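Undergrad:
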Amino acid sequence: MALWGKARKPEPEPEIDPAVERERLLRRQQWKQLLQHLSDNPLFRQTTFDHLFWIDPFTGKKINAPFDWLETVKEYYGHNQHWRKGRTIAMPELRLIQWRHHLAEHFWNDERFRLFSHDGTWLNPFTGQKVAGISQSGKTIDQKAIDTIAGILAKIPQAHPSRLPSLQTLMDQFPDLVSEDDGEDNEITISSEDFSLDTSTQDIPHDRADSAEDLFHGGIARIRRSPSQTPTPSPAAPPTRPRPTASSDDLPAPEASPSDHEDHDNETVSLGNVSEDSDSTGQGGGFHDAESDLEMAARVQQQMLGEIPAIANAEIALHYEACHYVGGDFYHFIELADSQWFALIGDVSGHGIQAALVVQNIIKSLHFICRQGASLNVLEIMAQLNDSIRSDLLSGQFFTCFAGIIDARHEGRIVVESVCCGHHPSIIVNPYGPIYMRSIGTKGMAVGLSSGSMMKKVTRIDTIELLPGDCLFVWTDGLSEAMSPDEEEFGDWRTRAACIAHADRPIEEQIDALMDYVFSFSQNIRHDDMSVMALRVPHPDDEYDEDEDLEDPS
């Protein structure tokens, strides 16, 4: 029986509203510019002094971000759209807000912020200067006085709670200071009418301000009152704490004050005027897809890292995965002579484009050094690389690596002359040998920390002989430091256990099994680049006997 059907007319494509499409493109462009500011604009990278909260530069609110602040902030801006039309606060005002948040929690816990001399002047604990007019109503401090103190501290660039002198040091240096232990007549008290906690915080994804008591962490218990301010409790109710008179939902806008900073310190950012023709940096030139550029950069970096070579008497497998499009992990092979190769797997501190540019310079320098000095040993190569690349590194930047010269000229074995430049030791696994696993490598100096001559003094060459069945595993710390959702680190021991568990499998399957274990442990959450390389000498018993499966079991 044949069934005949009638072809359906194709559904007409829905018409695209030009205004809607333009709005979509503009919103997308705003988001790209926001990500760029989060990456490199100091206005968008301000936190509280304890680094537990990020400060929204548009509102001054504290956002709970004790761990991965960048992902938290992205989620926060995804749920809140005020940044699309608002303008940021200037840096001097952000510093004032930073100190207001700090004093709201610590002013009554840290006596160093409320030191006064007998004549009533307040002591600036950072500069030692005495400031009049801080206290109000005799010896009672109100919120306005605390805000004034915050404004004074915000104008001192080097002021940071970690740099405060000890209380004893201040008391010894300024003997006329009044201590809280000097008696009731000298107590500094708080005005219950004027005091308010201007400390708004927000969780993701819903807006919520923490209560004053939550933010104080018990500090209210240290507040002292003068006898005239102590309320008389009624018999039916216990004594109550002073309640803030202002809402803590919003931090009041900081008062404009003269700044000693340069003009650019007062610059602000607005993403509300992004035009359709602006590029990802806001400089014009047509609508530009920054994501396409990053994809192109990833392809360029992969091509620069090169292919895995075919080395006699050796099997090599490698897994490389950047956390973002491009990264600071890298590997490279350079042929030195017949059956001799220079191999390196490393990790540049930092991520993204800047780290990728350093990788590019490292590889170029390596080719030049290896071409000019074919007879150099591995430590001499790395020392020359150190001196060549130091000028390309940012202040405090460095990279760690495992580097070796692979000599495959010997039948049935491979000799590796290696150094660990700031890198953790590696392991050799052999399911056939008397020693199933052994650790190899001596940690030396990371590249970029000091001179090449110093590197030669503190870094040792290890000569490794790989026999049939030996498999050398080398990995970067992004793999061993992968975190589970419960914030447990994968660790070196899990890494080693995963290498041992599949040692009888082909080398590619060993690497795949290791990475599957890491991704399962971290539930595919990645915070760093990950790289692992395996170099193995084949064993005669590796040959798989196909006749075993053909035998009749009966």
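Residue numbers (the numbering used here): 117 to 670. Backbone N, C-alpha and C fix where the C-beta goes; we use that ideal spot for every residue, glycine too. Here the structure is a predicted model, which means the values were calculated and not measured.
1) By the DSSP assignment, the beta strand (DSSP E) with H222 in it spans what residues?
2) From this set, V532, L501, L482, which residue's C-alpha is nearest Q456's C-alpha?
3) Fully enclosed by the region 512-576, which beta strand (DSSP E) runs are 3 residues long or longer?
4) Taking the alpha carbon of H198 as the point to measure from, which residue in P601, D658, T175 has its own alpha carbon closest?
5) By the 10 Å Cβ neighbour count, where 16 or more other Cβ atoms means buried, how is E139 classified, buried or exposed?
6) With DSSP as the reference, label D76 as helix, strand or coil.
7) Quick check: what's the CA-CA separation for R124 versus P134?
8) Taking all protein chains shown into account, decide if I265 is buried (16 or more other Cβ within 10 angstroms of its Cβ) or exposed.
9) State the Cα-Cα distance for the pair L434 and T163, rounded to the nearest angstrom.
10) For the 8 Å Cβ check, are there 3 or more pairs between the region 514-527 and the region 439-459?
11) Compute the distance between the beta-carbons of D445 and S569, then report whether it is under 8 Å.
12) With DSSP as the reference, label Y441 as helix, strand or coil.
13) Three-state secondary structure (DSSP) at E624?
14) Here's the rule: buried if 16 or more other CB atoms are within 10 angstroms of the residue's CB, otherwise exposed. What is N546?
15) With C-beta atoms as the reference, is G560 less than 8 Å away from T579?
16) For D172, which residues of its own chain have a beta-carbon under 7 Å away from its beta-carbon, when the five flanking residues on both sides are left out?
17) On the criterion of 16 or more Cβ atoms from any shown chain inside 10 Å, does S155 qualify as buried, or is it exposed?
18) Considering only their Cβ atoms, is the gap separating P277 from F165 smaller than 8 Å?
19) Name the residue from L239, P208, N493 whose alpha carbon lies nearest to the alpha carbon of P158.
20) Between F160 and H153, what straight-line distance do the alpha-carbon atoms span, to the nearest angstrom?
21) Taking 8 Å as the cut-off, decide whether the C-beta atoms of I427 and H448 are in contact.
22) Is the region 465-483 touching the region 496-504, taking contact as three or more C-beta pairs under 8 Å?
23) Taking DSSP as the reference, what is the three-state secondary structure of E604?
24) For the pair the region 638-645 and the region 616-627, tell me if three or more CB-CB distances fall below 8 Å.
25) By the three-class DSSP mapping on this structure, what secondary structure does S455 have?
26) L387 and L141 - do their beta-carbons sit closer together than 8 Å?
27) If we call anything under 8 Å between Cβ atoms a contact, is R612 one with I551?
28) CA-CA distance, E451 and L460?
29) Looking at C-beta atoms only, is the number of pairs between the region 220-240 and the region 180-187 that lie closer than 8 Å three or more?
30) Assuming D578 is part of the beta strand (DSSP E), what are its boundary residues?
31) Rank S507, V535, F229 by C-alpha distance to the C-alpha of I262 and give the top, closest one.
32) Suppose the cutoff is 8 Å on Cβ atoms and the five residues either side in sequence are ignored; what does the same chain contact list for I485 look like?
33) Who are the Cβ neighbours of M181 in its own chain at under 7 Å, not counting the five residues just before and after it?
34) Where does Q145 land, buried or exposed, given buried means 16+ other C-beta within 10 angstroms?
35) Report the three-state DSSP secondary structure of T592 (helix, strand or coil).
36) What residues in its chain sit with their C-beta under 8 Å from that of E411, if we drop five residues either side in the sequence?
TA: On the basis of the coordinates in this document:
1) Per DSSP, H222 belongs to no beta strand (DSSP E); it is in the alpha helix (DSSP H), 207-222.
2) V532
3) 515-523, 530-537, 542-545, 553-556
4) T175
5) exposed
6) No answer is possible for residue 76: the residues shown for the chain start at 117 and end at 670.
7) Note that R124 scores a pLDDT of 40, beneath 50, so its modelled location is shaky; the value from the coordinates is reported in the next line. Straight-line Cα distance between these residues: approximately 29 Å.
8) buried
9) 39 Å
10) yes
11) no
12) coil
13) helix
14) buried
15) no
16) I179
17) exposed
18) yes
19) P208
20) 6 Å
21) no
22) yes
23) coil
24) no
25) coil
26) no
27) no
28) 12 Å
29) no
30) 578-582
31) F229
32) L492, I497, Q500, L501, S504
33) In the sequence on display, residue 181 carries Ala and not Met. Counting only Cβ-Cβ distances below 7 Å, and skipping sequence neighbours, we find F169, W170, T188, V189.
34) buried
35) coil
36) Y441
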